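Visitor:
2 protein chains.
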Amino acid sequence: MRPIIIGFGLLILCLLLLFRIGEVNFIKGDVKLEVIVAIAALIFFLVGLFFNYHSQKKISQVQPPSPAIADTPTSVIDYEQIKKLGLTQREHDVLVKMAEGLSNQEIGTALFLSESTIKTHVSNILFKLDAKRRTQAVQIAKQLKIVL
Amino acid sequence: MRPIIIGFGLLILCLLLLFRIGEVNFIKGDVKLEVIVAIAALIFFLVGLFFNYHSQKKISQVQPPSPAIADTPTSVIDYEQIKKLGLTQREHDVLVKMAEGLSNQEIGTALFLSESTIKTHVSNILFKLDAKRRTQAVQIAKQLKIVL
DNA sequence: AGGCTTTTCCTACTTTAGTATGAGAACTTT
DNA sequence: AAAGTTCTCATACTAAAGTAGGAAAAGCCT
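Sequence lines, in order, name chains A and B. Just so we're aligned, residue 279 is where the first sequence starts under our numbering, counting upward by one. Just so we're aligned, residue 279 is where the second sequence starts under our numbering, counting upward by one.
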């Protein structure tokens with residue numbers, strides 16, 4: 279939580295600074311309004327991306343323990359199985375993308391991670407699922423109801 | 279990738295529009311700079327959220343295999359589909375093995391063929407299914423009921 | 001018999017995947 | 001605050017996968 283708080287703190291500071299600069303330059307009139315607006319836009323666009331990225335991460339972590347009503351309908355992820363295999367949240371995320379047929383590079387892009395990181399996760403997944411290839415891992419994962 | 283291009287196009291339009299408004303108000307001098315910057319920031323923050331949200335949805339949308347309802351006996355190979363795609367018998371054989379998570383070498387052994395031959399078949403399968411990787415081909419094949 | 005498709009196989013590459021190892025940052029738990 | 005996990009990323013390889021292009025044998029069709 280600390281980094282996020284710090285991040286938002288800096289953000290607010292940034293915002294205040296922008297306003298300050300904006301005001302000063304507004305008086306002096308030597309910097310185009312467009313530039314200020316553009317900078318603000320860019321910063322907040324990135325902030326939007328960042329914010330959403332982190333909030334989604336949090337959401338995907340809370341999901342597992344929620345389904346208490348379901349009477350095991352045809353297709354539901356077996357979280358017990360995941361726990362039993364020792365798969366972590368991130369590994370499961372990667373596994374889902376793998377099952378969609380994405381390459382390591384594409385998974386990295388989708389999850390905002392480097393290909394190296396994906397390779398590490400994939401390697402761990404293969405080990406934990408006792409698979410030799412990603413295709414086999416997907417096959418096993420589907421049979422174990424780890425992915426849909 | 280088209281949606282992304284369109285998205286950025288709209289984004290740029292939005293930006294230009296903002297500048298236009300900014301300039302007009304700058305001349306009239308009846309709106310505070312802070313307000314403009316704040317609006318720009320807010321808009322692009324939302325755009326950031328929206329953009330990220332959609333890029334993530336797109337990727338995970340390929341999933342729903344929609345468990346066919348009653349009329350089709352839950353799981354049967356759609357031979358019409360196979361014919362439609364121009365897949366030959368041998369290619370389908372290989373596709374099935376691919377879906378089981380076998381390597382090219384293993385498929386070759388299973389079908390009494392050389393690895394070279396399997397590679398040729400796999401390459402043709404990928405082309406006919408419009409897939410880039412075998413994992414993707416398997417995903418597509420399962421959705422199209424070409425393999426179980 | 002000649003044309004067409006399928007199947008098989010090869011060489012020579014290019015590109016992804018996967019392994020091994022190490023390491024730092026972040027989060028959780030104690 | 002210290003310890004254990006998880007997550008991230010990197011380098012350096014090794015091993016599969018996939019591409020391109022060619023080629024020959026076998027079966028089908030009319």
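No residue lacks a Cβ here, since even glycine has one placed at the ideal position from N, Cα and C. Bear in mind that the values here come from a model prediction, so they are computed numbers and not experimental data.
Any beta-carbon of chain A closer than 7 Å to the one on glycine 379 of chain B?
Guide: yes
Visitor: Do we get a CB-CB distance below 7 Å when we pair glutamine 414 of chain B with the residues of chain A?
Guide: For glutamine 414 of chain B, the answer is yes, since a Cβ of chain A falls inside 7 Å of its Cβ.
Visitor: Please compile the residues from chain A whose C-beta is within a distance smaller than 7 Å of the C-beta of arginine 411 of chain B.
Guide: Gly379, Ser381
Visitor: Just the C-alpha distance for leucine 422 of chain A and isoleucine 424 of chain B, rounded to the nearest angstrom, thanks.
Guide: About 22 Å.
Visitor: Going straight from the alpha carbon of aspartate 356 of chain A to that of isoleucine 355 of chain B, what length do you get?
Guide: 27 Å
Visitor: Would you kindly work out how many angstroms separate the C-alpha atoms of arginine 368 of chain A and lysine 420 of chain B, rounded to a whole number?
Guide: 25 Å
Visitor: Can you find the residues in the same chain that come closer than 8 Å, C-beta to C-beta, to phenylalanine 390 of chain B, ignoring five residues on each side of it along the sequence?
Guide: Scanning its chain for C-beta atoms nearer than 8 Å, with the 5 sequence neighbours on each side dropped, one finds no residue around phenylalanine 390 of chain B.
Visitor: Would you say glutamine 367 of chain A faces chain B, with C-beta separation under 7 Å as the test?
Guide: no
Visitor: Tell me whether glycine 364 of chain A sits in a helix, a strand or coil according to DSSP, three-state version.
Guide: Note: glycine 364 of chain A maps to coil in three-state DSSP.
Visitor: Which residues in chain B sit within 8 Å of glutamine 421 of chain A, going by Cβ to Cβ distance?
Guide: Neighbours of glutamine 421 of chain A on chain B: none; closest Cβ ~10 Å, over 8 Å.
Visitor: Does the segment 396-406 of chain B come close enough to the segment 366-384 of chain A to have 3 or more Cβ pairs within less than 8 Å?
Guide: no
Visitor: For a contact defined as C-beta to C-beta under 9 Å, what are the partners of glutamine 417 of chain A on chain B?
Guide: Ala377, Glu378, Gly379, Val416
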